[in-house]
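Residues 0 to 384 (the numbering used here) are what the sequence shown spells out, left to right.
Quick reminder that beta carbons are idealized off the backbone N, C-alpha and C, glycines included.
The structure presented is a predicted model; accordingly, all values stated were derived computationally and were not measured.
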Amino acid sequence: MKILHTADWHVGKVLKGRSRLDEHRAVLRELVGVARREDVDAVIVAGDLFDTSAPTPDAQGLVLPALMALREGGRDVVVLAGNHDNPQLFEVYRPVLGALGIHVVGGFRRPDNGGTLSFTARTGEPVRLAVLPFLSHRYVIRAAEVLAGTAADHNRDYAGRIGELIGALTASFAGDTVNLVTTHGTLPGGKFGGGEREAQSIFSYYFESAAFPPTTQYAALGHLHRRQQLPGPCPIWYSGSPLAVDFGEEGNTPGALLVNVEPGRPAVVREVTFDAPRTLATVRGTLERLEEVAAGLVDTETWLRVIVEERPRPGLADTVREILPGAVDVTLDERFRPTTTARRADPDAPARSPRELFRDYLTTSGRHDDDVAALFDRLYDEVTS
């Protein structure tokens, strides 16, 4: 059978105030196109369909039709909640999408209650698919145990409990079935893409690849945004995100994974890259240098992070955006950022007027500008008159 493995859509993501719904619409259209062109038998979406736990109607209006389009032709579609998703919302979706043949798992379920899916692929192979959504630390480690142990104990307990849950979900794996696991979490050694939520990617949320039994023929993971394979007792892959979520992911190649698998054999994996997403890039330099760079970006659709190597002054960011219309994040190079030095007040020094204090602030912070000072004078006169 052939599987399309995807994850970390993060629909609803806003980049420095810019909506990315059009980008997500294009990339999900491309994903559905891959499913149709490759005639896949199943689709696994390994968490983080949305960027927030309270997705907007527009975000839901993209995700739900995409899932239904992936279901076309009788494909089995399996969706689980990631750490950005709302598991309760997924449980609301569950009966409705379930009636359409889309398997949705928001929270942990026992193997006999939706935690282990059993179905026959369109190609005829019997399938066992263990589904483990993202589980928070407090869910896995009970409050009483947290009070009794150390942080290191809790880390080991989390990894151990995740291993126990996967063990229970995979107990029905057999030699004549296609045995699959999908989950959303962090394995040691995985390379981060840049946009993962830090608090849920630290050591206390790790679990070991040994949690997957050798009878597993493919483990479909979500959470790390860089597409990659990790060592273990079976083929273990993160599909990565279908678009770069933020500027920490400039080096990622958006895409998904195509997986061919049959009973008794390890899966064969092929990477698929996408063309639809806008690229993200960082450029730096003086205004003169940025004007030179702009010539090569005239016909490209690239979101830019611009690091300006000049002293701060009013209107600098606007000037940069005139030169580079794709600039969504304009910051100063750290060498030119104003520094604030604390000064001890001299009780014997004469009192200084607000005008003098403001001019002193402009000077010490590297922002001195006569026009700004004059505007302050006008504002001060209006307030105090």
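Secondary structure at N251, three-state DSSP: helix, strand or coil? coil
Nearest to T278 by alpha carbon, out of L69, G247 and I306? G247
Examine the Cβ distances between the segment 299-307 and the segment 353-361 and report whether three or more of them are shorter than 8 angstroms. no
Span of the beta strand (DSSP E), counted from its first residue to its last, around Y237: I235 to Y237
Quick test of your reading: V319 and V327, contact by CB under 8 angstroms. State the CB separation rounded to the nearest angstrom. V319 to V327, Cβ: 11 angstroms. No contact.
So which of P64, D7, I165 and M0 has the shortest CA-CA distance to R28? P64
Does the pairing of the segment 255-268 with the segment 173-182 give three or more beta-carbon distances under 8 angstroms? yes
Under the three-state DSSP convention, the category A219 falls into: strand
Measuring CB to CB, does V10 end up less than 8 angstroms from V62? yes
Between the Cα of L256 and those of D245, L242, Y237 and V244, spot the shortest distance and give me the residue it belongs to. Y237
Please classify P276 as buried or exposed, where buried requires at least 16 other C-beta atoms within 10 Å of its C-beta. buried
Let me know if S240 comes out buried or exposed under the rule of 16 or more other beta-carbons within 10 Å of its beta-carbon. buried
DSSP state of L88 mapped onto helix, strand, coil: helix
Own chain partners of D57 with C-beta closer than 7 angstroms, once the 5 adjacent residues on each side are dropped: L20
Straight-line Cα distance separating A41 from L3: 6 angstroms
Segment contact flag, the segment 30-44 with the segment 226-236, C-beta cutoff 8 angstroms, min 3 pairs: no
What number of angstroms, rounded off, separates the C-alpha of E381 from the C-alpha of A372? 14 angstroms
Reference P311, options T362, D47 and T281, closest by Cα: T362
Excluding the 5 residues flanking P212 on each side, which residues of the same chain have their C-beta closer than 6 angstroms to its C-beta? T169
Give me the Cβ distance between D47 and G81, rounded to the nearest whole Å; I'm assuming they're in contact under 8 angstroms. 3 angstroms
Indicate the three-state DSSP secondary structure (helix, strand or coil) for P125 in the structure shown. strand
Would R93 pass as a contact of G105 if the rule is Cβ separation under 8 angstroms? yes
DSSP beta-bridge partners for S18? V13
Range covered by the beta strand (DSSP E) that runs through F211: Run containing F211: none; DSSP gives neither H nor E here.
Among all the DSSP beta bridges, which residues are the ones paired with K1? N259
Using the C-alpha atoms, what's the distance from L374 back to W8? 46 angstroms
In whole angstroms, what is the alpha-carbon distance linking K1 and A210? 24 angstroms
Bridge partners - Q227, DSSP secondary structure assignment: Y237
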